[in-house]
Structure formats: structure tokens, C-alpha cells
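So the sequence lines, in the order shown, correspond to chains A and B. With my numbering as the guide, the letters of the first sequence map in order to residues -6 to 307. With my numbering as the guide, the letters of the second sequence map in order to residues 5 to 426.
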Amino acid sequence: MTTPVTWTRKDLVALDALSSDEITLLLDTAKAFKGVGQRTLKKVPALRGKTLVNFFVEPSTRTRTSFELAAHRLSADVVNIAATASSLQKGETLKDTALNLQALLADIIVLRHSSAGAAQFLAERLQASVINAGDGSHEHPTQGLLDVFTMRERFGDLAGLKVAIVGDILFSRVARSNVHALVKLGADVTLVGPTTLVPRSLESLGAKVTHRIDDVLESAQVINLLRIQHERQRKEYFPSLGEYTSLFGLTKARAARIRPDCLVMHPGPINRGVEIDSDVADGPNNVILEQVTNGLAVRMAVLYLCAGNAGAAV
Amino acid sequence: MSTLKITNGRIIDPANQRDEIADLWIRDGVIVDDATSAHETIDAKGLVVAPGLIDLHVHFREPGQSHKETIGTGTAAAAKGGFTSVVCMPNTNPVADNPSTISWIHERANDMAQVNVFCTGAITKGLKGEELAPVASMKKAGIVAITDDGHCVQNNEVMRRALEYARMFDLPLLDHCQDYGIVGDGIMHEGEWSVRLGLPGWPRIGEELIVMRNIMLAELCDSPIHCQHLTSGGSIRLIREAKARGVKISGEVCPHHIALTDESLKGYDSNYKMNPPLRTEWDIDLLIGGIADGTIDILASDHAPHAPYEKEVELDHAPFGILGLETEFAIFCDVLVHKRGAIDLPRLVEMLTINPAKLLRLDRGTLSVGAPADVTLLDPDAEWTYDLTETASPSRNSPFHGHTFKGRAVRTIVAGKSVWAL
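Spelled out as C-alpha cells, the structure:
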């Protein structure tokens, strides 16, 4: 299999739609951009003259900031818009708001939205590049890429890598993007969580499913813990956070059984004491902050490729 | 006195078990035996001459949402689809849960309609599922059935009393089968594609539980219930078993549910978002099996227009429903007769004419002498491509734009007058 020389996509909506070659190209480009962050002058002119709009209909801190910094490092102009400060509050449709942003000559729109499919909806209607920064329970492709990037940095080739993703898979856009990228790159993915949040139908994504964390604890080379979104959970999915932790939390006792080289990952924000014990979150296996740093490089790569600069000097 | 002769056509009149090449005579809007001379003659060579098609499940948006559809545009769409009679659902604004609104709709139909318009009334006030609507006065105003379509009565006691009460007026009860607790905020079939797309699932059992409830109530009260727009293979099994032991239960199937699957939503196109949702090939096989073996006797469109700007939003914000009248016969003919060979043409005509007429006690759906001269000419072998830009509806929410079908209506005659011809 050969890596494509050029990137042909205007948008990045979902990793499900990408080939393994395209994912590899993104990761390789991110690797080159990671070096930029280690220079004294952390800036390249790749997107000079381009305008990026961070359009966050749903709140976010790290993703929005990460995209903003990534754009600055590529010398783009950045505008941040939150839903509460936009005309959506006045009843304007998403389409009309976005068309107005395009009329203001935005080149790239980074969209975070609570509706699955919102990024695709805009991508089909705008000439500007649309980057999905999380759409409902569908996908969060740059989070998926930065997770895979972090695993690749540590393990190299991902073929056969044993990855466990633990938690609320059903409602997790992060889990979906992770699964799509990892499966395409040949990793062995197991989804772990309660039967209500990890239904068997998830096997259709190419992953295994188990409802016992013990099944993966000693074999996993990566344990990616997802935040339990208790603000979104209806009470019938599981009885209490305490019961969830007792069944699926990466407690200190469970952490003692993981492989010494196992990466403990988390997309954040962490619920200390729920999906992960505080000591474990701060322990030697965790790469949670590395993930955040790698997010910058990955987002630079995504912006760079989608804005039509493939082939330009990094 | 005006006389119309339709000659050389294949007359299919399932009500009279008639299937023959013959002439059909119409005088002053009524089917007659024959006449010596005709003011007008239509050569129907190569065509099927059928009773006017009846759709017992349409949503015209008057009163209240005429930007989506009016009785005028909706009946124009019906005529283009070969339908001479339609039955309107009561989820208008205001809700058709009182005799004034029913009368208003009838008056509007008298002024605007191109085909016959029959009204249903709500089962409960405001479609809230709590208090019975005034069935007697709505019956007096002319309703042909009661239904809370668009909603489902969740309270089993209210449903039981509605069924018992409607029996006094010989009014059929139609039900949109949806268990709210199970379905929750589901917007598509729960399965691989809902998981892949990250969309809330609407599981089959959300329909089947209510179908089962309806079977039990129909049995308890010895009164009929008609389950609308069935989608689940499991519902077909339940109804088949119940009918076999004599329960007065029936069901209908819509064209999109046998032509499309849940995979269609992979592009997040809201034209594929409908309630109940598109399901799987497994369900389609069972739905068609139910049509083939007589478990299902009636076909309908669930014609549900929405303005383009209402549909062109994030998928979870978009309303449910699609246009149906103009493509209905074509899809049924294409899928059921030509592609699947599940039924023959006379059976298809029966399911779109005399069967809905019998259920709702309409004096339609037949070419019997003395019957109103509602006639549809069909070309079952015509291949054509649906073009949404030519629709009679102000709405555009159909996923079938650009689809090619085999079979279509070519002329629609209401009370002896052509209201549409290709």
C-alpha cells in the first residue's frame, strides 16, 4: 500500500470516511508539525492570509484553545464564536449562520455542535473547509487522531496493538473516532463498559465488546478511559457513579495489574475518582497531558491539509 | 347529461372480482351498465382501469401550516398519484379534535379539493392522550375514523375506553404505534447504523409493544383496531398470529418502509428521517411477506409535507416525515409487483381501493354499477423518473427525487371528470 502524495479532501468530518493511507498521511504530517512546537519561534507561514472561524455551538475549553493555537502557529487569522454569542440564539438556522460566516470570507470553519451530522451538513453546503470538532455522539476526528498519534509515538506500528476503550461508548464521539482509526490501522480494539452503554451492535464497527474490565486489564497495551458524562446520562443506564466505579473504574488495585508499558489515556476532562483514581491519573503510565500537546500538532496537520496547502513547505 | 366511455382497457375491480378487457361507462358521475353513445371517449388500450385509488393516511397541513401543504395542493398531489380519495389525519393546528375544525376542513375541501377528502378526528383532546375528544359530535360533523396519529395514546385505560366508546358510533380506531418510554428521543432505527452515526435509536420493540397492546385491547373489547404505518417485522408476526385466532386487528404499510433501509441515513439527509423510522432488509422481507400472505391488507402513504427550510437543519432538529402521494403507487407497483413478485396487480389494486374503503366504510373503491365514478387509469409497465421540481406540493421533502420506477398512474377521474392526466 502506498501513501498518497496529496490530500484531496476539503473537510475533515469523520475518520470513518478516511482510508488508512489518509490517516497515515495526517499522522505523518502531524509528526512534522510537532517539531514546530519545539522551535524557539513556534510559527510557520503555511496558512498566512487564511481566516479560521472557531464556531463552537457547544462549549469546550481544550479543543477550542487547541484549534486556536494550532491556527496561530500556522499564521492564520482566528475568530472565535460561541453559540451564546451568535445569532443562533435569535433563532437563525445553522445553515444561515454558516453562510454568513462564509460571506465574511472565512476559509476554514471549525464546528463543535451537539447534533450528530452537523459538520457534514455544513461541509455539503459551504465552500469553506469544515473541520469537525465534535458532533453530538458521532465523531471527534481530531481527538481520535491525537490519541492514535500518541499511541504511535510510543509503539510505532499499530498493527496488532491491544487497545481497550472503557466507559460510555454508546454516547461517545471520541470512542467512535478512536475505533475507526485504530481498526483501519490494524489495532485490536476492545470496548469495555456496562451492557447499557456498550451494546453488542458496536461490534459492527470492527471492535470486540466486553462488559468485564478484568478481561482486558492484564493484556491491554493501551487503556483509554472515557469520561462518564453523567450530565447527559439518564438514570436508567446505570444506578450510580459509585457502582460504575466499582465495576469499571481504573482503581489503584486494578492499575496494579496492568502491564508496565501500558499507556493510560483519557480525552479529558477527568472525573477523578469515577473512571480513574486520582493516584492513577497522576501515575507513571498516564499520557494524558501528552495527548493534549499532541493535539496541537494533529490539528495543525488537519488545518494545513484541508486548507489546500498540501505540498507546501512546513 | 354527460356520458364518458373508457374503452379497450383492462378493468380490474377487486370488489367485484372482475379482471377483463372491457369498456367502462360513466354517466353523470356514476358508473353505469352501458349507454348508446358517449360525449367523450378515452382509449385505455394497454392500460388498467381501476377504481379510484384511496389513501387512508395523509397529512394535509390545513388548518395551521399551509406553508407546507394546503388541501388544494395536497389533493393536486393526490390526483397526480392516481388517488381519488384521501383521508386526512387530525394533527393539524388547531388539532381536529372538535366538530368546528372538522367542518372547517370539509368546507375548505369543498372549495379547494381536486379529489374526495375524508376526515379523521382525534381520539383525545389536543392529541394529549388524556381525555377523550367529543367523538359523537365529530361523527356528526363527518369523520370516518378516530386516531391520534403523530402521537400514540400511552395510557392503556384511555385507549380501552376510546375503543369501547367508538364502537357506539361504528367508527374505526386507527393507531400510531409508539411506546414513548422505550423510544425516548430516538430518531432512527436502533441498530448498526444508529450506533455508527451516533444517533439515538428507535427500536422495533417501541412499535411492537403497542401493537401487542392493541391486539389485547381489540380482543378484550371485541372491537377493531387498525395499526398505522407498520415497520417492524415483529409487528407483522404479532398481527399474523392474532388474526389467525380471530382478533379484529389490521395494519398498513407505507412505500418508503419497503423501499429504503436505515442505511439511507448515513449521509444525515433529513429526507430519510421519518416516524416510524426506516428499518432493515430483515424487516422489509417480513413486511413484504405480510403483504403477500394477507396479514397486511392495506397500503398507505403517510404523506407528510414539510417546508424545505424546516428540513434543511441539523438532523435531530428536523421534523419527521416525507412526501408520499405522487410516488406511492409507483413504489408499490415497482417493489411488490415487478421486483419482488409478492403480489399481482389485482391484489395491489385491492389494497389501495376496496380494502381501505371497507375499513372506513366509504362508498368508494369499486366500479360497481351505481357507484361514484372515481376511476384511475394505470400503466403498470411505464418506466418513469420522479422529478421533485414538478411536484404539486409546495414542500420538497422526498428522498425519491431522481429515482426510476416501473408503474404509474396516468389519469385520475373523480365523479366522472378527469382531474389529472399525464
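Even glycine gets a Cβ: it sits at the ideal position worked out from N, Cα and C. Keep in mind that this is a model prediction, so the values were computed, not measured.
| said: For V373(B), which residues in the same chain have their Cβ closer than 7 angstroms to its Cβ, ignoring the five residues on either side in sequence? | reply: Within the same chain, I35, V36 and D37 come within 7 angstroms of V373(B) by CB-CB distance, once the 5 residues on both sides are set aside.
| Beta carbon of Y276(B) nearer than 8 angstroms to that of L264(B) | Yes; because the gap between Cβ atoms is below 8 angstroms, this pair is in contact.
| Run through DSSP, which three-state label would A111(A) get? | Three-state result, A111(A): helix.
| said: Is R200(B) close to chain A? Criterion is C-beta to C-beta, closer than 8 angstroms. | reply: With 8 angstroms as the cut-off, R200(B) counts as an interface residue toward chain A.
| query | Which residues, in order along the stretch 125 to 152 of chain A, keep a beta-carbon less than 9 angstroms from a beta-carbon of chain B? | reply | Going along the stretch 125 to 152 of chain A in chain order, one finds D128, G129, S130, H131 and E132 with a Cβ nearer than 9 angstroms to chain B.
| said: According to DSSP, simplified to helix, strand and coil, what is N264(A)? | reply: N264(A) falls in the coil class under three-state DSSP.
| field | Proximal chain A residues relative to H321(B), where beta-carbon distance stays under 7 angstroms | value | Near H321(B) (Cβ distances below 7 angstroms), the residues of chain A are S108.
| request: Tell me whether W108(B) sits in a helix, a strand or coil according to DSSP, three-state version. | output: In the structure shown, the three-state DSSP call for W108(B) is helix.
| query | Quick one, are the C-beta atoms of L51(B) and L382(B) less than 8 angstroms apart? | reply | At a Cβ-Cβ threshold of 8 angstroms, L51(B) and L382(B) count as neighbours.
| field | Pair within 8 angstroms by beta-carbon distance, I106(B) and A166(B) | value | No, the Cβ-Cβ distance between I106(B) and A166(B) is not below 8 angstroms.
| chain B contact for F241(A) (CB, 8 angstroms cutoff) | Taking a beta-carbon distance threshold of 8 angstroms, F241(A) does not count as an interface residue toward chain B.
| said: With DSSP as the reference, identify every bridge partner of D70(A), one or two as the case may be. | reply: According to DSSP, which records beta bridges pairwise, D70(A) is partnered with T44(A).
| task | Would you list the residues sitting across from T203(A) in a DSSP beta bridge? | result | For T203(A), the pairing in a beta bridge is given by DSSP as V185(A).
| query | On the premise that A126(A) lies in contact with T189(A), defined as a C-beta separation below 8 angstroms, what is that separation, rounded to the nearest angstrom? | reply | Their Cβ separation, rounded to whole angstroms, is 28 angstroms, which puts T189(A) and A126(A) out of contact at 8 angstroms.
| query | If we call anything under 8 angstroms between Cβ atoms a contact, is G160(A) one with I221(A)? | reply | Their beta carbons are under 8 angstroms apart, which means G160(A) touches I221(A) by this criterion.
| request: Tell me whether A305(A) is buried or exposed, calling it buried when 16 or more other Cβ atoms sit within 10 Å of its Cβ. | output: Here A305(A) scores only 42 on pLDDT, less than 50, and its place in the model should not be relied on; the value that follows carries that caveat. Label assigned to A305(A): exposed.
| field | Cβ pair D100(A), A111(A) closer than 8 angstroms | value | By the CB criterion at 8 angstroms, D100(A) and A111(A) fall outside the cutoff.
| message | Checking 8 angstroms against the spacing of the C-beta atoms, do N359(B) and I302(B) come in under that value? | response | Yes, these two residues count as a Cβ contact at 8 angstroms.
| Host beta strand (DSSP E) of M311(A) (start-end) | Outside the displayed span of chain A (-6 to 307) sits residue 311(A), for which this structure offers no information.
| said: Rounded to the nearest angstrom, what separates L256(A) and V141(A) at their Cα positions? | reply: Distance between the alpha carbons of L256(A) and V141(A): 12 angstroms.
| query | What are the residues of the stretch 299 to 318 of chain B that lie near chain A, defined by any Cβ-Cβ distance shorter than 8 angstroms? | reply | Answer set for the stretch 299 to 318 of chain B: Y313, E316, V317 and E318.
| query | According to the neighbour-count rule (16 or more other Cβ atoms, all chains shown, within 10 Å of its Cβ), is T389(B) buried or exposed? | reply | Using a 10 angstroms sphere on the CB of T389(B), the tally of other CB atoms stays under 16, which defines it as exposed.
| request: Could you list the residues in the stretch 270 to 289 of chain B with a C-beta less than 8 angstroms from some C-beta on chain A, going in chain order? | output: Within the stretch 270 to 289 of chain B, the residues whose Cβ lies closer than 8 angstroms to some Cβ of chain A are G271 and Y272, listed in chain order.
| CB contact check: A306(A) to chain B, cutoff 8 angstroms | Caution applies to A306(A), whose pLDDT of 40 falls short of 50 and renders its modelled position unreliable; the value that the coordinates give is listed next. Cβ-Cβ to chain B under 8 angstroms: no for A306(A).
| field | Helix, strand or coil at G178(A) according to DSSP, with G and I counted as helix | value | According to the sequence shown, residue 178(A) is Leu rather than Gly. Reduced to three states, the DSSP call for L178(A) is coil.
| Based on Cα-Cα distance, which residue from D266(B), V317(B), P350(B) and P376(B) lies nearest to E194(B)? | Checked all of D266(B), V317(B), P350(B) and P376(B); the closest Cα to E194(B) is D266(B).
| Are the C-beta of Q120(A) and some C-beta of chain B separated by less than 8 angstroms? | Look at Q120(A): its C-beta is not under 8 angstroms from any C-beta on chain B.
| request: Go ahead and pull the three-state DSSP assignment for L62(A). | output: Helix, per DSSP.
| Below-8 angstroms beta-carbon distance, L364(B) vs any chain A residue | Not one chain A Cβ lies under 8 angstroms of L364(B).
| Of all the CB atoms in chain A, is at least one closer than 8 angstroms to the CB of E196(B)? | Taking 8 angstroms as the threshold, the shortest C-beta distance from E196(B) to chain A falls below it.
| query | By how many angstroms is the C-alpha of L240(A) removed from the C-alpha of K201(A)? | reply | So the two alpha carbons sit approximately 18 angstroms from each other.
| According to the Cβ coordinates, are K155(A) and Q214(A) closer than 8 angstroms? | In this structure, K155(A) places its C-beta atom within 8 angstroms of the C-beta atom of Q214(A).
| task | With a 10 Å radius around its C-beta and 16 neighbouring C-beta atoms as the bar for buried, classify D338(B) as buried or exposed. | result | The residue in question, D338(B), is buried, as its Cβ has 16 or more Cβ neighbours within 10 Å.
| task | Closer than 9 angstroms by beta-carbon distance: list the chain B residues that pair up with R166(A), in chain order. | result | By Cβ distance, chain B contributes G202.
| message | To the nearest angstrom, how far is the alpha carbon of S399(B) from that of Q182(B)? | response | Cα to Cα, the separation comes out at about 26 angstroms.
| Does the stretch 267 to 274 of chain B touch the stretch 238 to 258 of chain B, meaning 3 or more C-beta pairs lie closer than 8 angstroms? | Not touching, per the Cβ criterion.
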